[in-house]
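Chemist: Can you read through this structure? Questions will come right after.
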Amino acid sequence: MAAAVLIKNLRKSYGDVPAVKDISFTVEPGEIFGLLGPNGAGKTTTIRCLCTLAKPDRGKIEVGGISAIASPKAVRQRLGYVAQEVAIDKVLTGRELLKLQAALYHLPKKSIGDRTNQLIEVLGLQDYADKKTGTYSGGIRKRLDLAAGLLHQPEVLVLDEPTVGLDIESRMVVWEFLQALREAGTTVLITSHYLEEIDALADRLAIIDQGVVIAEGTPSELKDKLGGDRITLRIREFTPYEEAEKAKYILESLPFVENVIVNTVQGNSLNLIVTSGQNSLSKIEQSLSEVSLPTFSLAQSRPSLDDVYLAATGKTIMDAQIAASSSRDLKKEKKQQMK
Amino acid sequence: MSQSISSRNIKSALAPNPAVGGQNNESSNSLGDFIQETLALTQRLFIQLQRRPSTLIAGIIQPFMWLVLFGALFSKAPAGLFGSDLSYAKFLAPGVIVFTAFSGALNAGLPVMFDREFGFLNRLLVAPLSSRYSIVAASTIYIIALSFIQTAVIIFASAILGAGLPGIVGLSAIALIVFLIVLGVTALSLGLAFALPGHIELLAVIFVTNLPLLFASTALAPLSFMAGWLQVIASLNPLTYAIEPIRYIYGHGDWAINSIVMNTPWIGFSFGSVILVLLGFDALILLAIQPLLRRRFA
Ligand SMILES: Nc1ncnc2c1ncn2[C@@H]1O[C@H](COP(=O)(O)OP(=O)(O)OP(=O)(O)O)[C@@H](O)[C@H]1O
Ligand SMILES: [Mg+2]
Chain R
5 MAAAVLIKNL RKSYGDVPAV KDISFTVEPG EIFGLLGPNG AGKTTTIRCL CTLAKPDRGK
65 IEVGGISAIA SPKAVRQRLG YVAQEVAIDK VLTGRELLKL QAALYHLPKK SIGDRTNQLI
125 EVLGLQDYAD KKTGTYSGGI RKRLDLAAGL LHQPEVLVLD EPTVGLDIES RMVVWEFLQA
185 LREAGTTVLI TSHYLEEIDA LADRLAIIDQ GVVIAEGTPS ELKDKLGGDR ITLRIREFTP
245 YEEAEKAKYI LESLPFVENV IVNTVQGNSL NLIVTSGQNS LSKIEQSLSE VSLPTFSLAQ
305 SRPSLDDVYL AATGKTIMDA QIAASSSRDL KKEKKQQMK
Chain P
230 MSQSISSRNI KSALAPNPAV GGQNNESSNS LGDFIQETLA LTQRLFIQLQ RRPSTLIAGI
290 IQPFMWLVLF GALFSKAPAG LFGSDLSYAK FLAPGVIVFT AFSGALNAGL PVMFDREFGF
350 LNRLLVAPLS SRYSIVAAST IYIIALSFIQ TAVIIFASAI LGAGLPGIVG LSAIALIVFL
410 IVLGVTALSL GLAFALPGHI ELLAVIFVTN LPLLFASTAL APLSFMAGWL QVIASLNPLT
470 YAIEPIRYIY GHGDWAINSI VMNTPWIGFS FGSVILVLLG FDALILLAIQ PLLRRRFA
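One line per chain: the protein sequences are R and P, in this order. Everything in the first sequence is counted per the working numbering, starting at 5 for the first residue and increasing by one. Everything in the second sequence is counted per the working numbering, starting at 230 for the first residue and increasing by one.
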């Protein structure tokens with residue numbers, strides 16, 4: 005059976021900005037596949053190329069074995085696309101928008117009414133369907149967009165950061181819905197920069213950073229491969245840098261400590277990787293007190309997806325997120341995207 | 230979030246179904262698909278019009294003002310100045326009909342440009358449209374309908390202002406000519422909406438073409454009034470090819486397909502050949518915008 009989505013050596017630049025440098029991954033039929041990466045990693049660009057909205061500079065894109073570059077129309081029929089920013093016509097009602105979309109996907113005329121009703125019901129939009137979409141809240145808009153993406157019963161539903169800007173409750177609704185969708189047999193490709201989202205939902209994932217894939221696998225595979233436990237240590241609430249460096253020097257000499265990083269973004273806290281199964285916490289506390297350094301807080305955890313990212317890039321996703329958001333010119337990008 | 234997602238029937242509602250939309254017999258019913266998508270897109274435009282009717286109201290008031298103001302401007306012109314047996318009201322009506330239809334069509338690309346800027350166009354571009362000409366077709370149908378309403382108002386108002394009323398065949402011929410000019414100009418405007426970077430640029434193009442094309446046509450004054458160089462431009466202007474036959478219909482009850490309706494500095498054009506010129510104009514533009522419609526953005 006052909007892969008639901010196959011992307012191989014994808015490259016796409018905007019002018020001289022390489023948005024996607026070299027991305028490859030495979031989505032198997034029936035799974036939820038997550039594309040995890042900080043702002044500006046190239047998630048949307050990858051999705052735009054997949055959904056035939058942008059033309060890749062190079063690389064292979066296939067949906068169910070059909071090339072998106074050679075047969076864009078056949079690929080459009082097989083994909084449902086829920087964009088990062090919901091675009092609705094404020095003057096239309098939800099139902100009118102769904103009917104328009106149904107016609108654009110050539111649903112048989114007789115079945116359009118029933119099919120629209122069915123999705124309105126499944127997405128709990130009964131109270132909103134006949135109101136103008138301009139009056140909808142963010143969560144309702146997203147649900148309408150989900151309904152629109154599923155009208156033609158696509159083999160693969162592609163969602164670009166579907167829960168950004170949603171409240172917790174709406175986010176849970178979307179998560180549950182995507183799980184139900186997988187139960188029903190639809191393949192789901194979702195992008196996100198929320199670790200928890202991908203961790204909770206995805207059967208498999210690829211982590212991308214600056215236009216390249218840095219890891220691919222199931223969440224537990226990726227974490228296990230990393231090995232060891234994570235420890236976050238704060239000497240004081242706000243530790244002076246010299247003190248953190250001193251502690252780092254001391255801790256690095258302990259036999260079970262594999263790696264120590266001073267996290268300057270988080271008040272000079274220390275991130276340690278230690279061999280699992282040791283009584284590490286008390287040993288750390290003890291060796292610090294020997295050189296009369298206090299311990300403000302100390303926490304141990306299994307590796308998370310963030311640690312996978314940290315190990316590959318030397319920074320956490322949160323840090324990358326902050327760095328990226330200060331260096332992007334969104335207006336200019338919007339302009340570029342239109343070209 | 231008062232209602233949550235229902236789990237009833239959820240499985241059958243959400244299961245993928247490759248047969249939907251006839252993707253397995255892709256080319257079998259592409260005309261039916263084209264009609265379906267065109268009608269749906271047209272319907273959207275009419276719903277928008279119905280809920281925001283100000284465009285229609287302005288579109289009716291504006292040509293009415295043209296008629297009254299220009300009519301008053303030249304009301305003391307010597308009789309016979311605009312051709313024997315042609316009052317200025319009669320002379321003006323065809324110009325206003327064509328110019329009104331032309332302006333409407335020239336603006337057709339704006340909603341598409343805004344759709345592009347708001348991301349709504351992406352909905353159409355990721356859908357398996359049988360052809361993106363359905364976007365052109367829907368806009369054309371919409372503008373045609375508006376233009377016909379406007380034309381009817383202009384013809385009626387001109388009749389009151391003393392221009393008389395063409396016969397039923399004449400009215401049908403006018404409808405055909407309005408259709409031909411709207412088709413070409415709408416297609417051109419949509420091509421620009423796909424090609425230009427944003428609505429500012431599109432507005433700039435509309436701004437610099439609209440009035441100059443009016444003055445470089447025979448809408449307000451006959452060719453014989455113009456400087457030689459402007460006569461040349463006006464004789465190449467598609468608007469002139471739409472205005473002159475309508476003017477002929479207004480001036481002559483006994484026109485026929487081979488009546489010479491238009492005299493350029495070089496040759497005269499019969500009614501039939503003017504229609505051919507307009508058809509050629511449409512064909513040229515529809516062909517020229519094809520690569521733009523195929524385009525994937527960025
Ligand atoms: N239209 C564009 N013109 C110029 N540069 C662009 C354009 N779109 C994206 N970029 C750049 O390409 C890179 C990848 O952008 P992309 O939108 O694909 O990232 P993303 O992973 O979707 O980010 P986010 O989480 O913010 O949505 C960024 O550095 C961005 O600045
Ligand atoms: Mg994005």
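In this text, a Cβ means the ideal position worked out from N, Cα and C, and glycines have one as well.
(1) Can you grab the Cα-Cα spacing for the pair V21 (chain R) / Q214 (chain R), in whole Å?
(2) Is any heavy atom in ligand 1 found nearer than 8 Å to the beta carbon of D61 (chain R)?
(3) Quick check on the DSSP output: the beta strand (DSSP E) that includes P474 (chain P) runs from which residue to which?
(4) Are the beta-carbon atoms belonging to D149 (chain R) and V90 (chain R) less than 9 Å from one another?
(5) Taking the alpha carbon of I265 (chain R) as the reference point, which residue from R:E289, R:K319, R:Q304, R:S293 has its own alpha carbon closest?
(6) Beta-carbon of A7 (chain R) versus every beta-carbon of chain P: anything under 9 Å?
(7) If you reduce the DSSP assignment to three classes, tell me which class R234 (chain R) lands in.
(8) Just curious, the alpha helix (DSSP H) that E350 (chain R) is in, first and last residue?
(9) Enumerated in chain order, which unbroken segments of the beta strand (DSSP E) with a length of 3 residues or greater are wholly contained in the stretch 90–158 of chain R?
(10) Check whether the stretch 5–14 of chain R and the stretch 64–74 of chain R are in contact - that is, three or more C-beta pairs closer than 8 Å.
(11) Quick check on the contact list: which residues have their beta carbon closer than 6 Å to a heavy atom of ligand 2?
(12) Please list the residues of the stretch 280–302 of chain R that have a C-beta atom closer than 7 Å to any C-beta atom in chain P, keeping them in chain order.
(13) For G143 (chain R), collect the residues of the same chain with a Cβ closer than 8 Å to its Cβ; drop the 5 residues on either side in sequence, then sort them by chain order.
(14) Please tell me whether K47 (chain R) has its Cβ less than 9 Å away from any Cβ of chain P.
(15) Terminal residues of the continuous beta strand (DSSP E) containing N351 (chain P)?
(16) Tell me whether the beta-carbon of P451 (chain P) lies closer than 9 Å to the beta-carbon of F320 (chain P).
(17) Using a Cβ-Cβ cut-off of less than 8 Å, list which residues of the stretch 267–286 of chain P approach chain R; keep chain order.
(18) Does the beta-carbon of Q519 (chain P) have 16 or more other beta-carbons within 10 angstroms, so that it is buried, or is it exposed?
(19) Which chain R residues are close to G348 (chain P), counting only those with a beta carbon under 7 Å from its beta carbon?
(20) Using a Cβ-Cβ cut-off of 7 Å (strictly less than) and excluding sequence neighbours within five positions of I373 (chain P), which residues of its own chain qualify?
(21) Would you mind reading off the limits of the alpha helix (DSSP H) that contains R186 (chain R)?
(22) Measure the beta-carbon distance from I370 (chain P) to E100 (chain R) and round it to whole angstroms, keeping in mind my assumption that it falls under 8 Å.
(23) Figure out for me which residue from P:I289, P:R345, P:N487, P:L400 has the closest Cα to the Cα of T329 (chain P).
(24) Identify whether Q265 (chain P) lies in helix, strand or coil by the three-state DSSP scheme.
(25) Is the separation between the beta-carbon of K47 (chain R) and that of T97 (chain R) shorter than 9 Å?
(26) Give, in chain order, every residue of the stretch 139–156 of chain R whose Cβ lies closer than 7 Å to some Cβ of chain P.
(27) Report yes if the C-beta distance between G338 (chain P) and A471 (chain P) is below 9 Å; otherwise report no.
(28) Looking only at its own chain, which residues have a Cβ that is under 7 Å from the Cβ of S256 (chain P), when we skip the five neighbours before and after it?
(29) Please list, in chain order, all residues of the same chain as Q252 (chain P) whose beta carbon is under 7 Å from its beta carbon, the five residues on each side excluded.
(30) Which one or two residues does DSSP pair with L163 (chain R) in a beta bridge?
(31) Under 9 Å, do R208 (chain R) and G221 (chain R) count as touching if we go by C-beta distance?
(32) Could you list which residues in chain R have their beta carbon closer than 7 Å to that of P520 (chain P), in chain order?
(33) Report the CB separation of T1 (chain R) from A152 (chain R) in whole angstroms; it is logged as a contact under 8 Å.
(34) Does any residue of chain R bring its CB to less than 9 Å from the CB of A242 (chain P)?
(35) Taking only runs of the alpha helix (DSSP H) that begin and end inside the stretch 246–325 of chain R, which ones reach a length of at least 4 residues, in chain order?
(36) Return helix, strand or coil for E66 (chain R), following the three-state DSSP convention.
Modeler: From the atom records:
(1) Taking the first residue of the first sequence as 1, we reach residue 21 (chain R) at position 17. Taking the first residue of the first sequence as 1, we reach residue 214 (chain R) at position 210. For V21 (chain R) and Q214 (chain R), the distance between alpha carbons rounds to 11 Å.
(2) Walking along the first sequence from the start, residue 61 (chain R) turns up at place 57. No - ligand 1 has no heavy atom lying nearer than 8 Å to the Cβ of D61 (chain R).
(3) In the second sequence, residue 474 (chain P) corresponds to position 245, counting from 1. Counting along the chain, P474 (chain P) falls outside any beta strand (DSSP E), though it belongs to the alpha helix (DSSP H) covering 467–480.
(4) The sequence position of residue 149 (chain R) within the first sequence is 145, counting from 1. The sequence position of residue 90 (chain R) within the first sequence is 86, counting from 1. Against a cut-off of 9 Å, the Cβ pair of V90 (chain R) and D149 (chain R) comes out as a contact.
(5) The residue given as residue 265 (chain R) occupies position 261 in the first sequence. It is R:K319 whose Cα lies nearest to the Cα of I265 (chain R).
(6) Residue mapping note: residue 7 (chain R) aligns to position 3 of the first sequence, counting from 1. No, A7 (chain R) does not count as interfacial toward chain P.
(7) Within the first sequence, numbered from 1, the residue matching residue 234 (chain R) stands at position 230. In this structure, R234 (chain R) counts as strand in the three-state DSSP scheme.
(8) Nothing can be reported for residue 350 (chain R): it is not among the residues displayed for chain R, which extend from 5 to 343.
(9) none
(10) yes
(11) R:K47, R:T48, R:Q88, R:D164, R:E165
(12) none
(13) Position 139 of the first sequence, counted from the start, is the residue given in the question as residue 143 (chain R). Closer than 8 Å at the Cβ level, and outside the excluded window around G143 (chain R), lie L170, D171, E173, S174, V177.
(14) For the purposes of this step, residue 47 (chain R) is taken as residue 43 along the first sequence, with counting starting at 1. No, its Cβ sits nowhere closer than 9 Å to a Cβ of chain P.
(15) The sequence position of residue 351 (chain P) within the second sequence is 122, counting from 1. Unbroken run through N351 (chain P) is the alpha helix (DSSP H), 349–355; no beta strand (DSSP E).
(16) Counting from 1 along the second sequence, the entry for residue 451 (chain P) is found at position 222. Counting from 1 along the second sequence, the entry for residue 320 (chain P) is found at position 91. Taking 9 Å as the Cβ cut-off, P451 (chain P) and F320 (chain P) qualify as a contacting pair.
(17) L268, A269, L270, Q272, R273, I276, Q277, R280, R281
(18) As a working mapping, residue 519 (chain P) is identified with position 290 in the second sequence. Result: exposed.
(19) In the second sequence, residue 348 (chain P) corresponds to position 119, counting from 1. Under the 7 Å cutoff, chain R gives A87, E89, A91.
(20) What you label residue 373 (chain P) is simply residue 144 of the second sequence in a count that begins at 1. So the qualifying residues of the chain are F408, V411.
(21) What you label residue 186 (chain R) is simply residue 182 of the first sequence in a count that begins at 1. Its alpha helix (DSSP H) spans residues 172–187.
(22) One-based indexing of the second sequence puts residue 370 (chain P) at position 141. One-based indexing of the first sequence puts residue 100 (chain R) at position 96. No, I370 (chain P) and E100 (chain R) are not in contact; Cβ-Cβ is about 18 Å, not under 8 Å.
(23) As a position in the second sequence, residue 329 (chain P) is number 100, starting the count at 1. The shortest C-alpha separation from T329 (chain P) is found at P:I289.
(24) As a first step, residue 265 (chain P) must be located in the second sequence, where it is residue number 36. In the structure shown, Q265 (chain P) sits in a helix (DSSP, three-state: H, G or I).
(25) Locating residue 47 (chain R) in the first sequence gives position 43, counting from the first residue. Locating residue 97 (chain R) in the first sequence gives position 93, counting from the first residue. No.
(26) G143, L154, H156
(27) Against the second sequence, residue 338 (chain P) aligns to sequence position 109. Against the second sequence, residue 471 (chain P) aligns to sequence position 242. Not a contact, by the Cβ cut-off of 9 Å.
(28) Residue mapping note: residue 256 (chain P) aligns to position 27 of the second sequence, counting from 1. Low confidence applies to S256 (chain P): its pLDDT is 47, below 50, so where it sits in the model is not reliable enough to give any reading.
(29) Within the second sequence, numbered from 1, the residue matching residue 252 (chain P) stands at position 23. For Q252 (chain P), the predicted model reports a pLDDT of 47, less than 50, meaning its position is unreliable; a value from the coordinates is still stated below. So the list is empty, once near-sequence residues are dropped.
(30) Here the question's residue 163 (chain R) lines up with position 159 in the first sequence. DSSP, once it has assigned bridges, lists R:V86, R:I194 as partnering L163 (chain R).
(31) Taking the first sequence and counting its residues from 1, one reaches residue 208 (chain R) at position 204. Taking the first sequence and counting its residues from 1, one reaches residue 221 (chain R) at position 217. Closer than 9 Å, so yes.
(32) As a first step, residue 520 (chain P) is located in the second sequence; it is residue number 291 there, counting from the start. The contacting residues do not exist; P520 (chain P) stays about 13 Å from chain R at best.
(33) Residue 1 (chain R) is absent from the structure shown; chain R starts at 5 and stops at 343.
(34) Residue 242 (chain P) sits at position 13 when you count from the first residue of the second sequence. Judged by the 9 Å Cβ criterion, A242 (chain P) is in contact with chain R.
(35) 284–294, 309–317
(36) Sequence index remark: in the first sequence, residue 66 (chain R) carries index 62 (1-based). Looking at E66 (chain R) - three-state DSSP - the assignment turns out to be strand.
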